[in-house]
Structure formats: C-alpha cells, structure tokens
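Taken in sequence, the protein lines are chains G and H. Counting in the numbering used here, the first sequence runs from 1 upward without gaps. Counting in the numbering used here, the second sequence runs from 1001 upward without gaps. Positions of the beta carbon are idealized from the N, C-alpha and C atoms, including for glycine. Below: the structure, in structure tokens.
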Amino acid sequence: MATTKGQSRRRKTSSSDDGPVAASATTRSRRNAKSPSPAPSRNGSEAGALDSDAILDLFRKMTTIRFFEDAAQRGFRQGKIGGYLHLYSGQEAVATGFLSYYQEGDKIITAYRDHAHALLLGSHPNEVMAELYGKGTGLVKGKGGSMHLFDVENGLWGGYGIVGGHIPLGVGMAYALRYQGTDGIVQLSLGDGAIHNGAFHEAANLAGLWGREGMNPTLFILENNNYGMGTSVERATAMTDLSAKFDSYGIEHEDVDGMDLFAVLDVAERATQRVRETGAPYAIEAITYRIAPHGAADFLERYRTKEEIAEWRQRDPIGLAEARLLEAGVAEATLDEIKREAKAVVDEAVKFAEESPEPEIAELYTDVYAGDGVTG
Amino acid sequence: MPVMTYREALRSAMADEMERDDSVVVLGEDIGVYGGTHLVTDTLLDRFGPKRVIDTPIAEGGFTGAAIGMAMMGMRPIVEMMTWNFSFQAVDQILQNAAKVRYFSGGQAGVPLVIRGPNGGGVQLSAQHTHSLEGFYGHFPGLKVVSPVTPHDAKGMMLTAIRDPDPVIFLEAGALYGTKGEVPEGEFTVPFGKARVAREGTDVTLVGYGRQVNMLLRAADRLAEEEEPIAAEVIDLRSIRPFDTETLIASVRKTHRAVVVQEQWRWYSVASEVAAIIQEQAFDDLDAPVERVSGAEAPAPYARNLEIAAFPSEQDVIDAVHRALYR
Ligand SMILES: Cc1ncc(C[n+]2csc(CCOP(=O)(O)OP(=O)(O)O)c2C)c(N)n1
Ligand SMILES: [Mg+2]
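In structure tokens:
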C-alpha cells in the first residue's frame, strides 16, 4: 500500500481491494439492489433481518470507527498527530446509515469531522491513520491532515475546514452530476453550527431553485449534534427547528433519531432513492450527539455538563445497536469477535502510520498547480 | 514591572477599556460561555455581562458587518475572529464597508472597530487554517494593520486600537499566547506607526514582525557568535500600516544591508514593500541587494516536516545575512 512520490498512488476500486472497513457485504450488495434486505422497519422492532451478515457488518463498521477515533485521540495526546483533530464518536450511526446507500458515481462531501466518511467509503484505515500522522503514505500524502480527507475514487470529495464553505460546492457537484447525465447524487453533510452560515443559505436557495428542474440531486444531511463547538442550538438561533430552515428554500425534509442505526437506515434508503429519482434536493436532520470534545485539544467543556454527556452515552449508537443484536439472538461471542477484529484493524493502522516515512520535502511544491506548475 | 502572558495582556487591555468606556463591547464565536477558543476573552462575560460580551453563531460575514454598523453608531466593538482564517468569510464587510465608509460618506461616518484574533501558522493546521494576512489587509487604504509580538506591545497597541477612530486589523501571534513578558502597570499606550528596535547592531538590519521577531533575535545571537561576529540590528515593525519609514531607513543607513523576513508568501507581500521602500529611500547607502526570506510559495501543508520546510527558519535568515555580507 505504501507508495512513493511520483507514482500514481490511487488504488483500484475492485472490491477485493477495498479497505477492511468497507469491505463487505453491505455496501456492495446495496449498490445495485433496489431494496436492500437488512434495513428493518421504521420502528425497528422487527428482528427478522437483524441477524443478517449485513447488519453485523454495519456493527463492525461502527465499532471500527469508534476504535479508530480512540486511537487517533491517543496519537494526538502523544504528540504524534498535530493540528486540529475532530472525532466522530457518538455520531457513527449517521454516516454509517447514509453511506450504506452510497452507489458508485455518488459524491460525498463533508466538513472536517470526516474520518468516518473515508473509512465507510472504503479508504484503507492504514492510509487514513497515516494521514493523521502526517506521513507520505497518507490518504492525501500528508498534505491535508485530519480535516481534508479526500478519496475521489471511492466517492469522497473532502474534507473541508471552513464552516459552511463546502456547502455550495456540494450543490454545484449535484448540478454537474445531472448536467453530465448521470444518476448520481450528492450526500452533503453539515453541522447544526454551519446552518447559520451565509454559505448555507445561499447554497440551499440555489439547490431548491435548480432542483425544480431536476438539476439538483443533493441530499442534505444535517447532523445536529446539539453544539457548534461550545454553542448550543438554542444559543445560536431563535428558530431552533433546524430542518424547517429548508422550508425557506422549497426543500422538503424530515427528522431522524441519529443515534438509532436502524432508523437512519430506513430514512436513508427512502431519501437517497427519492433524490436519485427526482433530481431535487431533500434534507434530513439527524439528531445526534458528539460524546467526544469538539476537538481533541478541547479539554475544557464548560458549555455542557457531565450529566448531559452521561445521559447521551446511554443512547450511544453502538451500544444501542449491540443491544438490538443481542435481543435478536446474536451471540455475545460473535459481537466480541467482531470487536476484536475491529481492534486489530485499528492497531494495524496505527502501526502502519507509525512506521511510514514522512513525505519527501519536494512534495511541498507539488499539487499547487496542475502539471509542473508555475514559478513564483 | 508585572509579568503577564501575551493572552493576559490582551485581556487586560480589553477589560481596562471596557471599564473606562461603556461603548466598548466584544463579540465573536464562543468568546463568552466557552471562555474563548484561546481563552483571551476568558472571564469577560462574568465581568461585563452578555450585552457587552456577545456570543455569536458561526456567521463571520453577518456579525462583522453588524459590528461595523454598531461602530457607525458610535459604539466601539471588538470583533474576535476565532482565527484570521475565518475572516475571509467577512472580507466583503471588512474591505467594502469598514475600510471605505469614511471615504465614500465624505467623512460623515466612521468605523471605530477592532478586529482581532490569532494569525499565522506553525501548529500544523494545514492549508485552510494557516495564513499570514498582513500584506493582504495592509493593501487596503482605510484599514490600519498591526502585529505585536511582546505582551507589552499587545497591551499598549490594543488600547491604541480600541481608541482609534478607524478600523484596526489586529493580528495576534497565535503561537505566542502563553509567552510572558513585562507589562507596565496602569494606563499606557503604544502608538501605531512606530517600529521598535528590538536589538541594536551595526552590520546588517533584520526586519520582521509578529512571531518572526523572536526568530530574528535568536538568529542575531548566533550571528554574534560566529568566528567573525556579525552584529545584527533587529527591527520589529509592529505596525504594518501606518508604517515607520524613519526607523527603518535610519537603521539601513547605519548597517548598509537589510534582510526582511516574513512567514507570508513573498509575492506582493510586506517584505516586497519594505524592500521597495529601502531602495527608494536608501539606495546609495546599500552595499548589497535587500534580501527577502518568506514562506514557501504553496498552500500550507499539514505534515510536520513539510510545515517546517514551508516557513522561514533561523538558518534561512543566517544564510540570507551571509549573502548580504558576501560571505
Ligand atoms: C468560518 C469558520 N468559522 C469558525 C470556525 C471554527 N470552527 C470549527 S468547527 C466549529 C463548530 C462547527 O459546528 P457544527 O457545524 O455544528 O459542526 P460540528 O463541529 O458539531 O460537527 C467552529 C466554530 C471555522 N472552522 N470556520
Ligand atoms: Mg454541531
């Protein structure tokens, strides 16, 4: 997997070459399936499909993401990871659910809390971790770090650090997909803080407008984790029903419990299909919670109480999924085995990252422009 | 003299001025309840309350524009940019309104506004979060631009900034919030448009501002220890606009050589302007071309080794000095 400067470093996309997180059943089978089997009904109480390999695989993915984030936090504390590091812990069910309905040709765009997106789309955990470690073998050659993960072949178009800044890009990408005659869609994730940024409002208006002509297959995924850094939703807006803001732009929407993987899967299936078919935007507000601090360096958390965090931990998406699987008769040993395997994947990623070489200094000047670039 | 951190110096300037003048308010993201991302505004909410310490949503264009409106009404707002990188979202307000209202209103309206926050790189924040914007903002008539490096100047220049009748771009050395220095007790100000001679010398003039000044002082130490010692004079510009031509030219007349150092990109930058001023006003005094040492012409990289390579180092400065002295 290690690559050297100058060589094309991209992987093939054949499934056998997928990273261990994405490798499998679910993503694959769903790509072409009209009606993926594993998603249970909306109230989620039917256990019929719960013991399917696909659901176990989603459990594996969420577990891997959590272990990955824990390892990243450790790397940060040890000074091996620098810059800003934003963890997805607590929000796993959202990206896991939505990206289950990723189809080849779709485009995924998000902000800086992007590790899970890369892992779910099939970026190799080794390369993602190596990026966080600033190594030449990293997903973007050590140039972008945690906030700027890109894996274009697997559908990930970033990874952006300026709040709100990526939202117009997603809308433009969706226009391009229809303009180019594909049936791809854009899954555009944004936070509850980003929705108050001017870029959101300008872009959402465009999406609504262009969507009337079937020219904007954007699925807005508003991840309401209750806070933009230390500012709660109530302290950021007088109109706290965030998804209703989409009404202003003629974009229909619904809410989902973002801690419940099965609820997310259900809504994701319908929403992706709808956007694909109509070419019009649609929005989902997923109510979720980040149990990690905003950034790995933010140890002071005066803006929320320990009790509040503890309360949300009761609804940890991985814990909830685990309980549902046990309830459905999956053996505890099976889940333990999955956790062990997930842990091994992450351990291997850390080892790979630690042992990888730094980027060559010459890389400082590559990729500024196409080709050999411009002097100056 | 009391010793304070750079962060405390800024806070004490704001608090003193808020005590003195109730038209002064502070606004920005997470400055109140959260305590400030870099803790510069910590405790101000408790002291002055939510009408004067205003937490905003993530809407730089909106709240910067609103602060300009407050300033036009005679308030004296201080806007915190969580980091200057986010000011690009407010750039229309800053450049199109703050910088020009006085002029295009024929002097009827003014904008006594301070926009402050950490500027510059060095902590692996990569491309979107690493900028040195002195040259960028310094380009616009109507804005004042300052970049202090010592706690002393941070406090003294902040007081000057708040009292200034025009918009001030206050670029803080983000990497230095925790560094300590002596700060006089009570009221004192450091004027704009006055550079500081941070070290005297006779052989070469090193010119910089912000956190580069500390690096220049270290380089000067090393130059003094060379086999044939070189006595470098270090000039801390502090004020990018207005600019202290006098101190700069007096130094170059003495040393006959100049090396200008900056973290920002070289093309169309502060160092370019400084070099031009030197050749215009001290051409006959120069014994060598003016050297510029700048950041690498690329967006800032993440990887530690690349970031180190991207910014001017002590060695880069020493090499430039040797070139200027033909050694
Ligand atoms: C324009 C801009 N302003 C400020 C910041 C600093 N910042 C980074 S993340 C963040 C909070 C964003 O909150 P939200 O959109 O809810 O996303 P979350 O972090 O909760 O995933 C802020 C203020 C930034 N990156 N960009
Ligand atoms: Mg949020």
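* To do: Anything in chain G within Cβ reach of residue 1035(H), meaning under 7 Å, just list it in chain order.
  => The residue you call residue 1035(H) lines up with position 35 of the second sequence. Simply 300 and 302.
* **Coil, strand or helix - residue 1177(H) by DSSP** => By one-based count along the second sequence, residue 1177(H) stands at place 177. In the three-state reduction of the DSSP assignment, residue 1177(H) falls in the coil class, being assigned neither a helical nor a strand state.
* **Shell residues, 7 Å Cβ cut-off relative to heavy atoms of ligand 1** => Here the residues close to ligand 1, judged by CB distance below 7 Å to any of its heavy atoms, are 86(G), 111(G), 112(G), 113(G), 161(G), 162(G), 163(G), 164(G), 165(G), 190(G), 191(G), 192(G), 193(G), 194(G), 197(G), 223(G), 225(G), 227(G), 228(G), 229(G), 290(G), 294(G), 1029(H), 1030(H), 1058(H), 1060(H), 1082(H), 1086(H) and 1089(H) in chain order.
* Asked: In the structure shown, what three-state DSSP assignment does residue 1265(H) receive?
  -> Start at 1 with the first residue of the second sequence, and residue 1265(H) comes out as number 265. It is a strand residue.
* If we ignore side chains and look at the alpha-carbon of each, how far apart do residue 1079(H) and residue 1207(H) end up? -> Start at 1 with the first residue of the second sequence, and residue 1079(H) comes out as number 79. Start at 1 with the first residue of the second sequence, and residue 1207(H) comes out as number 207. When rounded, the separation of the alpha-carbon atoms in residue 1079(H) and residue 1207(H) is 29 Å.
* Could you list which residues in chain H have their beta carbon closer than 8 Å to that of residue 74(G), in chain order? => To locate residue 74(G), count along the first sequence from 1; it is residue 74. Per Cβ cutoff of 8 Å: no residues; residue 74(G) is ~17 Å from chain H at best.
* Asked: Since residue 127(G) and residue 139(G) are thought to touch, with beta carbons under 8 Å apart, how far apart are those beta carbons, to the nearest angstrom?
  -> To locate residue 127(G), count along the first sequence from 1; it is residue 127. To locate residue 139(G), count along the first sequence from 1; it is residue 139. Right, the Cβ-Cβ distance comes to about 5 Å (below 8 Å), so this counts as a contact.
* Beta-carbon neighbours of residue 245(G), restricted to chain H and to distances below 7 Å -> Position 245 of the first sequence, counted from the start, is the residue given in the question as residue 245(G). Scanning chain H for C-beta atoms nearer than 7 Å to the C-beta of residue 245(G) yields nothing, as the closest lies near 12 Å away.
* **Residue burial classification, residue 114(G) (beta-carbon count within 10 angstroms, cutoff 16)** => By one-based count along the first sequence, residue 114(G) stands at place 114. Taking all protein chains in view, the Cβ of residue 114(G) is crowded by 16 or more other Cβ atoms within 10 Å, so the residue is classified as buried.
* Asked: In its own chain, which residues sit with a C-beta less than 6 Å from the C-beta of residue 1220(H), not counting the 5 before and 5 after it?
  -> Position 220 of the second sequence holds residue 1220(H). Within the same chain, residue 1220(H) has close Cβ partners 1199, 1232 and 1234.
* Asked: Are the beta-carbon atoms of residue 943(H) and residue 1174(H) separated by less than 9 Å?
  -> With chain H represented from 1001 up to 1327, any question about residue 943(H) goes unanswered, as that position is not in the structure.
* Whole alpha helix (DSSP H) runs in the stretch 317 to 364 of chain G with 4 or more residues, listed along the chain? -> Listed in chain order, the alpha helix (DSSP H) elements of length 4 or more contained wholly in the stretch 317 to 364 of chain G are 317 to 327 and 332 to 355.
* Asked: Got a sec, what are the start and stop residues for the beta strand (DSSP E) residue 1118(H) sits in?
  -> The residue labelled residue 1118(H) in the question sits at position 118 within the second sequence. Residues 1114 to 1119.
* To do: Spell out the partners DSSP gives residue 1259(H) in its beta bridges.
  => Within the second sequence, the letter at position 259 stands for residue 1259(H). Partner residues in the beta bridge of residue 1259(H), as assigned by DSSP, are 1206(H) and 1291(H).
* At least one CB of chain G closer than 9 Å to the CB of residue 1270(H): is that the case? -> In the second sequence, the residue the question calls residue 1270(H) occupies position 270. Among the CB atoms of chain G, none fall inside 9 Å of the CB of residue 1270(H).
* At a Cβ threshold of 9 Å, is residue 1097(H) touching chain G? -> As a working note, residue 1097(H) is residue 97 in the second sequence. No, no contact with chain G.
* Which runs of the beta strand (DSSP E) spanning at least 3 residues fall entirely within the stretch 1028 to 1099 of chain H, listed in chain order? -> Here the runs fully enclosed are 1053 to 1055 and 1076 to 1080.
* Say whether chain H places a C-beta atom closer than 9 Å to the C-beta of residue 118(G). => As a first step, residue 118(G) is located in the first sequence; it is residue number 118 there, counting from the start. So no, residue 118(G) is outside the interface.
* Bridge partners - residue 1233(H), DSSP secondary structure assignment -> Residue mapping note: residue 1233(H) aligns to position 233 of the second sequence, counting from 1. Paired residue(s): 1205(H).
* Asked: Comparing the C-beta of residue 1053(H) with each C-beta of chain G, is any distance below 9 Å?
  -> As a position in the second sequence, residue 1053(H) is number 53, starting the count at 1. Not an interface residue.
* Asked: When the distance is taken between beta carbons, is residue 1044(H) closer than 9 Å to residue 1026(H)?
  -> In the second sequence, residue 1026(H) corresponds to position 26, counting from 1. In the second sequence, residue 1044(H) corresponds to position 44, counting from 1. Less than 9 Å divides the Cβ of residue 1026(H) from the Cβ of residue 1044(H).
* Which residues mark the beginning and the end of the beta strand (DSSP E) in which residue 253(G) is found? -> Here residue 253(G) refers to the residue found at position 253 of the first sequence. Its beta strand (DSSP E) spans residues 253 to 257.
* Decide if residue 1094(H) is buried, meaning its Cβ has at least 16 other Cβ atoms within 10 Å, or exposed. => Reading the second sequence from its first residue, position 94 is the one you call residue 1094(H). Buried.
* Asked: Around the Cβ of residue 1283(H), are there at least 16 other Cβ atoms within 10 angstroms (buried) or fewer (exposed)?
  -> To locate residue 1283(H), count along the second sequence from 1; it is residue 283. By the neighbour-count rule (16 or more Cβ atoms within 10 Å), residue 1283(H) is not buried but exposed.
* Any C-beta of chain H under 9 Å from that of residue 188(G) -> Translated into positions along the first sequence, residue 188(G) becomes position 188. Not one beta carbon of chain H lies nearer than 9 Å to the beta carbon of residue 188(G).
* Helix, strand or coil at residue 1130(H) [DSSP, three-state] -> Mapped onto the second sequence, residue 1130(H) falls at position 130. Here residue 1130(H) sits in coil by DSSP.
* Asked: Can you tell me the Cα-Cα spacing of residue 1056(H) and residue 179(G), whole angstroms?
  -> Position 56 of the second sequence holds residue 1056(H). Position 179 of the first sequence holds residue 179(G). Straight-line Cα distance between these residues: approximately 38 Å.
* **Unbroken stretches of the beta strand (DSSP E), 3 residues or longer, contained in the stretch 205 to 278 of chain G** => Entirely contained in the stretch 205 to 278 of chain G, the beta strand (DSSP E) runs reaching 3 residues are, in chain order, 218 to 224 and 253 to 257.
* DSSP beta-bridge partners for residue 109(G)? -> As a working note, residue 109(G) is residue 109 in the first sequence. Looking at the DSSP assignment, residue 109(G) forms a beta bridge with 188(G).
* DSSP beta-bridge partners of residue 285(G) -> As a working mapping, residue 285(G) is identified with position 285 in the first sequence. Partner(s): 222(G) and 255(G).
* Distance, residue 1157(H) Cα to residue 1201(H) Cα -> As a working mapping, residue 1201(H) is identified with position 201 in the second sequence. As a working mapping, residue 1157(H) is identified with position 157 in the second sequence. About 26 Å.
* To do: Just the chain G side, please: which residues come within less than 8 Å of residue 1124(H) by C-beta, in chain order?
  => For the purposes of this step, residue 1124(H) is taken as the residue at position 124 of the second sequence. Within chain G, 82, 83, 134 and 145 have C-beta atoms less than 8 Å from the C-beta of residue 1124(H), given in sequence order.
* Asked: Alpha carbon to alpha carbon, what distance is there between residue 1252(H) and residue 1278(H)?
  -> Here residue 1278(H) is taken as the residue at index 278 of the second sequence, counted from 1. Here residue 1252(H) is taken as the residue at index 252 of the second sequence, counted from 1. Straight-line Cα distance between these residues: approximately 8 Å.
* Mind checking residue 1238(H): buried by the 16 CB within 10 Å criterion, or exposed? -> For this step, residue 1238(H) is matched to residue 238 along the second sequence. Burial call: buried.
* Residues near residue 1266(H) by beta carbon distance below 6 Å, same chain, minus five either side -> Counted from its first residue, the second sequence places residue 1266(H) at position 266. Excluding sequence neighbours, residue 1266(H) sits near 1292 and 1294.
* Whole angstroms is fine: what's the gap from residue 206(G)'s alpha carbon to residue 171(G)'s? => Against the first sequence, residue 206(G) aligns to sequence position 206. Against the first sequence, residue 171(G) aligns to sequence position 171. Their backbone Cα atoms lie some 8 Å apart in a straight line.
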